[in-house]
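Q:
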Amino acid sequence: MSKALAGLRILDMTHVQAGPSASQLLAWMGADVIKLEPPQGDITRGQLRDIPGVDSLYFGTLNCNKRSLTVNMKTDEGKAIFADLLTKCDVLMENFGPGVLDRFGFTWERVHAINPMIIMASIKGFGSTGPYADFKAYENVAQAMGGAMATTGFSDGPPCVSGAQVGDSGTGLHFVIGILAALHHRVQYGEGQYVEVAMMDSVLNLIRMKMRDHERLQSGPLPEYSVPTEGLFSVPRGGNDSGGGQLGNVLWCARGGAEEYLYVVVQEAVWPALAKLVGGEHLLEDPRFATIDGRRANQQAMWAILNGFAAQYTKSELMAVLNEIDVPCGPVLSTSELAENEHLHAREMYIEVDHAKRGKYWTVGMPIKLSASPAVVTPAPLLGEHTDEILQQVLGYDASRIAQLRMAKAV
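Note that this note's numbering has the sequence shown beginning at 6, numbered continuously upward.
1) Counting beta carbon pairs with one atom in the stretch 130-142 and one in the stretch 207-219, are three or more of them shorter than 8 Å?
2) Considering only the beta carbon of each residue, do Gln22 and Asp161 sit closer than 8 Å?
3) Pairing CB atoms from the stretch 116-130 with CB atoms from the stretch 195-208, are three or more of them under 8 Å?
4) In terms of residue numbering, what span does the alpha helix (DSSP H) encompassing Arg300 cover?
5) Report the rounded CA-to-CA distance for Asp359 versus Ser207, giving the unit in angstroms.
6) Is the stretch 319-333 close to the stretch 256-274, with three or more CB pairs under 8 Å?
7) Could you give the first and the last residue of the continuous alpha helix (DSSP H) run that contains Leu5?
8) So who's on the other strand from Trp257, going by DSSP bridges?
9) For the pair the stretch 336-350 and the stretch 272-290, tell me if three or more CB-CB distances fall below 8 Å.
10) Report the CB separation of Gly244 from Thr156 in whole angstroms; it is logged as a contact under 8 Å.
11) Could you pull the DSSP bridge partners for Lys281 from this structure?
12) Does DSSP put Met98 in a helix, in a strand, or in coil?
13) Is the number of C-beta pairs between the stretch 383-396 and the stretch 56-76 that are closer than 8 Å three or more?
14) Is Lys71 closer than 8 Å to Met78 when the C-beta atoms are compared?
15) Output the boundary residues of the beta strand (DSSP E) element that contains Ala126.
16) Whether or not the stretch 165-180 and the stretch 139-147 are in contact is what I'm after, with contact meaning three or more pairs of Cβ atoms, one per stretch, closer than 8 Å; do they touch?
17) Among all the DSSP beta bridges, which residues are the ones paired with Arg14?
18) Since I believe Phe180 is in contact with Ile212 (beta carbons under 8 Å), could you give me their beta-carbon distance rounded to a whole number of angstroms?
19) Count the other C-beta atoms from every protein chain shown that fall within 10 angstroms of the C-beta of Glu394, then say buried if there are 16 or more, exposed otherwise.
20) Going by C-alpha to C-alpha distance, which of Lys362, Ile297 and Leu91 sits closest to Ile56?
21) Which residue marks the beginning of the beta strand (DSSP E) containing Gly417, and which one marks its end?
22) From this set, Glu229, Glu264 and Ile297, which residue's C-alpha is nearest Pro277's C-alpha?
23) Contact defined as beta carbons within less than 8 Å: I believe Asp17 pairs with Ser28. What is the distance between those atoms, to the nearest angstrom?
24) On the CB-based measure, 16 or more other CB atoms within 10 Å of its CB, does Val240 come out buried or exposed?
25) Is Val416 closer than 8 Å to Thr92 when the C-beta atoms are compared?
26) Assuming Leu252 and Gln304 are in contact, meaning their beta carbons sit under 8 Å apart, how far apart are those beta carbons, in whole angstroms?
27) Using 8 Å for Cβ pairs, my map puts Arg14 next to Ile124. What's the rounded Cβ distance?
28) Could you spell out the range, first to last residue, of the alpha helix (DSSP H) harbouring Gly175?
29) Run through DSSP, which three-state label would Val105 get?
30) Since Ile184 and Val96 are thought to touch, with beta carbons under 8 Å apart, how far apart are those beta carbons, to the nearest angstrom?
31) Quick one, which of Leu349, Thr49 and Gly110 has its alpha-carbon nearest Lys374's?
32) Starting from Gly65, trace the alpha helix (DSSP H) both ways and give me its first and last residue.
33) Please report the straight-line C-alpha distance between Ala151 and Arg108, rounded to a whole angstrom.
34) Could you check which residue in Asn210, Ser378, Tyr402 and Ala153 has the C-alpha nearest to that of Met6?
35) If distances are taken between C-alpha atoms only, which option among Ala404, Glu390, Asn100 and Arg406 comes closest to Asp60?
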């Protein structure tokens with residue numbers, strides 16, 4: 006089976022989530038991703054471990070389809086292996102704290118000198134320039150400083166982090182885009198380059214609609230918000246407001262469980278059919294809701310009416326009813342519901358893999374569907390599982406040299 010990124014070799018020094026989520030996507034698309042780990046391995050192998058002596062699901066969720074090589078970069082021999090690998094790889098990925106690779110003696114200038122065609126790609130919390138350049142970041146730190154927390158939650162409560170990892174995996178997506186762009190540049194112009202993605206920058210990009218609203222505030226209140234915005238200087242937490250030009254919110258359906266909610270977007274085009282379904286001609290002719298401006302001004306009353314209607318149905322039943330009149334909607338699905346969701350299983354988005362030590366377990370599949378080169382997901386590697394294989398096949402080391410490196414504790 007053909008692979009979109011076949012022939013591309015990546016030296017992946019990333020750890021935890023942001024970098025590994027990116028290199029896993031590249032591996033799923035066919036790149037040979039060599040995960041270079043210190044002798045003790047990626048820290049997530051042992052974090053949140055659920056089975057003693059077995060790599061955690063934290064690690065297994067983020068490192069499928071990779072080969073693991075252990076190298077001790079604190080030894081001269083380990084640094085020599087690393088330098089040799091740079092000559093054989095197309096991309097070097099890293100997400101160390103500020104200055105770590107520099108202290109090992111591998112600045113971008115030296116990496117570029119060793120292999121002028123290589124792409125060196127770095128994730129930093131705040132980038133290598135600016136007042137925050139030396140600060141460390143983490144998922145929720147990036148959400149806080151990128152603007153996601155201040156705009157998530159309800160106005161009468163504290164800011165909230167998102168359940169989606171917009172700081173880590175969101176940065177990983179930007180990372181993949183930057184790497185692929187640099188590879189295309191190399192094809193066009195015959196040169197490698199340095200790619201940098203900052204977590205704070207990435208989160209800011211993901212809240213661009215809130216920054217749009219920040220600019221709009223300069224001209225007056227934001228009528229689509231369910232909370233008052235008159236006189237505000239910053240965009241408030243909007244609860245479950247849609248954040249777009251159309252009104253949206255959750256409806257609490259038949260009280261079958263804590264997550265019995267359906268999110269509904271009341272588009273202008275569907276209001277007549279929705280109003281007639283919910284309240285007949287009386288609601289259709291109600292002057293409070295006759296225009297989108299009226300529905301914005303009276304949205305609390307509108308949502309109360311719609312919630313009364315929703316109480317007759319479960320969320321699945323109401324989704325079916327509303328889809329018949331083309332109302333955009335979706336049930337709030339719990340993790341257990343997602344794990345059993347027939348749509349996700351049909352799209353191979355929640356799949357079972359068979360790990361050498363863990364056995365069979367379920368994980369998230371490849372979200373990018375390529376018709377000519379579909380992904381085949383394999384489990385994450387054991388620590389150092391492919392060390393000898395990589396040293397022999399990629400670097401051409403013979404058995405005696407590999408033995409010497411093991412004696413020197415370089416691998």
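Glycine is no exception: its CB is placed at the ideal position from the N, C-alpha and C atoms.
All figures in this text were calculated on a predicted structure; none of them were measured in a lab.
A: Looking at the coordinates:
1) no
2) Taking the sequence shown and counting its residues from 1, one reaches residue 22 at position 17. Taking the sequence shown and counting its residues from 1, one reaches residue 161 at position 156. Result no, Cβ atoms of Gln22 and Asp161 do not sit closer than 8 Å.
3) yes
4) Numbered from 1 along the sequence shown, position 295 holds the residue referred to as residue 300. Start and end: Ile297 to Ala302.
5) Taking the sequence shown and counting its residues from 1, one reaches residue 359 at position 354. Taking the sequence shown and counting its residues from 1, one reaches residue 207 at position 202. When rounded, the distance between both Cα atoms is 34 Å.
6) yes
7) Given that the chain is displayed from residue 6 to residue 416, the structure contains no residue 5 and the question cannot be resolved.
8) As a working note, residue 257 is residue 252 in the sequence shown. Paired residues: Tyr266.
9) no
10) The residue given as residue 244 occupies position 239 in the sequence shown. The residue given as residue 156 occupies position 151 in the sequence shown. Rounded, the Cβ-Cβ distance is 10 Å, inconsistent with contact.
11) Position 276 of the sequence shown, counted from the first residue, corresponds to residue 281. Its beta-bridge partners do not exist; DSSP assigns none.
12) Indexing the sequence shown from 1 puts residue 98 at position 93. The answer is strand: DSSP assigns Met98 an E or B state.
13) yes
14) Stepping through the sequence shown from its first residue, residue 78 is reached at position 73. Stepping through the sequence shown from its first residue, residue 71 is reached at position 66. No.
15) Looking up residue 126 in the sequence shown gives position 121. Its beta strand (DSSP E) spans residues Ile124 to Lys129.
16) yes
17) Here residue 14 refers to the residue found at position 9 of the sequence shown. Asp37, per the DSSP bridge assignment.
18) Here residue 212 corresponds to residue number 207 of the sequence shown, with the count starting at 1. Here residue 180 corresponds to residue number 175 of the sequence shown, with the count starting at 1. Ile212 to Phe180, Cβ: 18 Å. No contact.
19) Taking the first residue of the sequence shown as position 1, residue 394 is located at position 389. Classification of Glu394: exposed, given that the 10 Å Cβ count is below 16.
20) Counting from 1 along the sequence shown, the entry for residue 56 is found at position 51. With distances taken between Cα atoms, Ile56 lies closest to Lys362.
21) Nothing about residue 417 can be reported from this structure: the residues present for the chain run from 6 to 416 only.
22) The residue labelled residue 277 in the question sits at position 272 within the sequence shown. Here the closest residue by C-alpha is Ile297.
23) Position 12 of the sequence shown, counted from the first residue, corresponds to residue 17. Position 23 of the sequence shown, counted from the first residue, corresponds to residue 28. With 8 Å as the limit, Asp17 and Ser28 qualify as a contact, their Cβ atoms being about 4 Å apart.
24) Mapped onto the sequence shown, residue 240 falls at position 235. Val240 should be labelled buried.
25) Counting from one through the sequence shown, the residue named residue 92 turns up at place 87. Counting from one through the sequence shown, the residue named residue 416 turns up at place 411. No, these two residues do not count as a Cβ contact at 8 Å.
26) Locating residue 252 in the sequence shown gives position 247, counting from the first residue. Locating residue 304 in the sequence shown gives position 299, counting from the first residue. So it is a contact: roughly 6 Å between Cβ atoms.
27) For the purposes of this step, residue 14 is identified with residue 9 of the sequence shown, where counting begins at 1. For the purposes of this step, residue 124 is identified with residue 119 of the sequence shown, where counting begins at 1. 11 Å between Cβ atoms; not a contact.
28) Mapped onto the sequence shown, residue 175 falls at position 170. Here the alpha helix (DSSP H) through Gly175 covers Ser174 to Tyr194.
29) Here residue 105 is taken as the residue at index 100 of the sequence shown, counted from 1. Note: Val105 maps to helix in three-state DSSP.
30) To locate residue 184, count along the sequence shown from 1; it is residue 179. To locate residue 96, count along the sequence shown from 1; it is residue 91. Right, the Cβ-Cβ distance comes to about 6 Å (below 8 Å), so this counts as a contact.
31) As a working mapping, residue 374 is identified with position 369 in the sequence shown. Here the closest residue by C-alpha is Leu349.
32) Residue 65 sits at position 60 when you count from the first residue of the sequence shown. It spans Leu62 to Leu67 - the alpha helix (DSSP H) in which Gly65 sits, taken as one unbroken run.
33) Taking the first residue of the sequence shown as 1, we reach residue 151 at position 146. Taking the first residue of the sequence shown as 1, we reach residue 108 at position 103. With the sequence shown as reference, residue 151 is identified as Gly, and Ala is not the correct amino acid for it. Looking at the two C-alpha atoms, the distance is approximately 29 Å.
34) Counting from 1 along the sequence shown, the entry for residue 6 is found at position 1. The option with the nearest alpha carbon to Met6 is Ser378.
35) Residue 60 sits at position 55 when you count from the first residue of the sequence shown. When only C-alpha atoms are compared, the closest one is Glu390.
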